[in-house]
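Working notes, structure below.
In this note's numbering, the protein residues as written are 48 to 345.
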C-alpha cells in the first residue's frame, strides 16, 4: 500500500474533536492545589487550540516550532529552574507533571520534546552544574530558546546503563568523545545533549560506579552528527534517532560534576524521567477513560 494511515491515541482524539474532553466525566486530579488546577486548565485549553496545528506538522513530518516557542513564552520550561536563572523556582517538578499530563494526548510530539528537555539536561544542570554552567544554559532553557536531549541508550547497551561503551578521554583542557547513541528523542532538534560516557576502565571504578562521567555536548560541535532518524509506530512526529560521536572534542568545563560522577547524575535524571513519564501515562489514561464513557453514551 502506498498510503498507510498511522492512527495513535492522539490522532484518534483529534479526529473526535474537542467536545468530549474536559466535560467533567473524570475528576481532574483531586489532590492538586488551586494553582496547579489553574495551570492544568490553561495547558488543556492551549493543547486543544494547538492540536490541529500539531496534526498538520505531523503529516508534513515537521516539528511545530511555533507551538514549542509559544510554550517558552508562557514560562513553562522554567518549571524546574530556580528563579535566579529565569525559572519558576519553588513549583518545581509537580508543575512539570501538570503540564505533561495535559499535553501528552493532543500534543504528543511537543510533549516529548518538552519532557525530554526537562530530564535531558535541565534537571542535571540545575542540580549538578556549577554556577557558570547554570548561568550559561538555564536562562535559555527557561525561555524555550534551548532544547535538550538525553543520550544514554547505545547499539549494544540498553537496560544495563552502567555498561555504556561510549568513551571520553582527557586531553589537556578537553575531553574527546568516541561512540554511538541510539533511540534518542529530540535527535537533530536539541541544542544541548546530556551525554554519559566511560572515563575509566579500572575494575574498582566500575564496581563502585565511578567509571562514568556526564557532559553537555552542544549542537554543531565538530564530529558530532545525526546518523539516522527513526520512524516510530504510535509516536508520529517524535524526532528519534541515532547519534555519532567521532572524536568529538568537548571543553572540560562542559563536564557536570567531577570525573566519575556520571552514574549518580544519570540515576537522578532517570528518576525524574520516570516521574514525568508516569504523569504522561496518567494523563493519557484519564483521556481514555473519559472517551470510553463518552462513547458508551452515544
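Each residue gets a CB set at the ideal place from its N, CA and C atoms; glycine is no exception.
Asked, Found
"Presumed contact (8 Å Cβ cut-off) between residue 196 and residue 232, rounded CB distance", "6 Å"
"Residue burial classification, residue 134 (beta-carbon count within 10 angstroms, cutoff 16)", "buried"
"Span of the beta strand (DSSP E), counted from its first residue to its last, around residue 241", "239-245"
"Distance CB(residue 163)-CB(residue 124) smaller than 9 Å", "no"
"Local conformation of residue 152 per DSSP, three classes", "coil"
"Endpoints, beta strand (DSSP E) assigned at residue 228", "221-232"
"Sequence-distant residues of its chain with Cβ nearer than 6 Å to residue 246 (five each side left out)", "215, 260 and 306"
"Residue 344 burial status per 10 Å Cβ neighbour count (16 or more: buried)", "exposed"
"Cβ-based burial, residue 327 [other Cβ within 10 Å; buried from 16]", "buried"
"Limits of the beta strand (DSSP E) - the one that residue 309 falls within", "Element bounds for residue 309: not the beta strand (DSSP E) but the alpha helix (DSSP H), 309-343."
"The region 226-244 contacting the region 280-296, beta-carbon criterion three pairs below 8 Å", "yes"
"Nearest neighbour of residue 304, chosen from 201, 181, 239 and 104 [CA to CA]", "181"
"Buried or exposed (CB count within 10 angstroms, at least 16 for buried), residue 228", "buried"
"Touch test, the region 317-324 against the region 263-270, Cβ-Cβ under 8 Å, three pairs minimum", "no"
"Chain-order list of residues whose beta-carbon lies under 8 Å from that of residue 100 (same chain, five-residue window excluded)", "111, 113 and 114"
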